[in-house]
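If you use the numbering used here, the sequence shown closes out at 130, no skipped numbers anywhere.
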Amino acid sequence: MMQLQETIQHLNRIVDNIAQVNAQIDGLTYEDFRKNETVKETVYEYLQEIGQAARELSENQKLPSEINLEPLVAFRNARYNQEAETGHQQVFNTLPDLRLIAETIEKSDLYQNNL
Numbered sequence: 016m017m018q019l020q021e022t023i024q025h026l027n028r029i030v031d032n033i034a035q036v037n038a039q040i041d042g043l044t045y046e047d048f049r050k051n052e053t054v055k056e057t058v059y060e061y062l063q064e065i066g067q068a069a070r071e072l073s074e075n076q077k078l079p080s081e082i083n084l085e086p087l088v089a090f091r092n093a094r095y096n097q098e099a100e101t102g103h104q105q106v107f108n109t110l111p112d113l114r115l116i117a118e119t120i121e122k123s124d125l126y127q128n129n130l
């Protein structure tokens, strides 16, 4: 089991990285996203960090039931492949869901009581 402080650090990293992803894609259409190599590369880097933190938590910490990080764990394998240009639509379509996950984390008693 992780220490509470480490759990909160991971949750903070997830929330912060989701905010960074949102800042990158705010106002972009899929076409805008698809054409902007810098934004795609940055978003994928944040997604990998989100996925890694989610994996650490899911493997090492029992979280309250309202915090479901399973959808995030797969992002640890997110790879930006400029040459292949595959999977960007699927990734872009999941990005709005990140906002909801971040909001759920931020509203949780675990998070609120340990800031």
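We put the beta carbon where it would ideally sit given N, CA and C, even for glycine.
Does DSSP put residue i in a helix, a strand or coil?
i, result
"GLY66", "helix"
"ALA117", "helix"
"ARG94", "coil"
"GLN18", "coil"
"PRO111", "helix"
Can you say whether residue i is buried or exposed, counting buried as having 16 or more other CB atoms within 10 angstroms of its CB?
i, result
"GLN18", "exposed"
"ARG114", "exposed"
"THR44", "exposed"
Whole-angstrom Cβ separation of residue i and residue j, contact assumed at under 8 Å?
i, j, result
"ILE120", "LEU26", "5 Å"
"ALA34", "LEU62", "So it is not a contact: roughly 13 Å between Cβ atoms."
Looking only at its own chain, which residues have a Cβ that is under 8 Å from the Cβ of residue i, when we skip the five neighbours before and after it?
i, result
"ILE40", "PHE48, VAL54, VAL58, PHE107 and LEU110"
"PRO79", "SER123, ASP124 and LEU125"
"LYS50", "none"
"LYS77", "MET16"
Whole angstroms is fine: what's the gap from residue i's alpha carbon to residue j's?
i, j, result
"GLU81", "GLU46", "34 Å"
"ILE65", "ASN32", "6 Å"
"THR22", "ALA38", "24 Å"
"HIS103", "GLU52", "11 Å"
"GLY42", "ALA68", "27 Å"
"ASN129", "VAL36", "24 Å"
"GLN20", "LEU84", "18 Å"
"GLN127", "LEU72", "17 Å"
Please work out which residues of its chain come closer than 7 Å, Cβ to Cβ, to residue i, disregarding the five sequence neighbours upstream and downstream, and give them in chain order.
i, result
"ARG70", "VAL88 and ARG91"
"VAL30", "ALA117, ILE120 and GLU121"
Within the same chain, show all residues whose beta-carbon is closer than 6 Å to that of residue i, passing over the 5 residues directly before and after it, in chain order.
i, result
"ASN13", "The displayed coordinates of the chain run from 16 to 130. Any statement about residue 13 would go beyond what the structure contains."
"ARG28", "ALA68"
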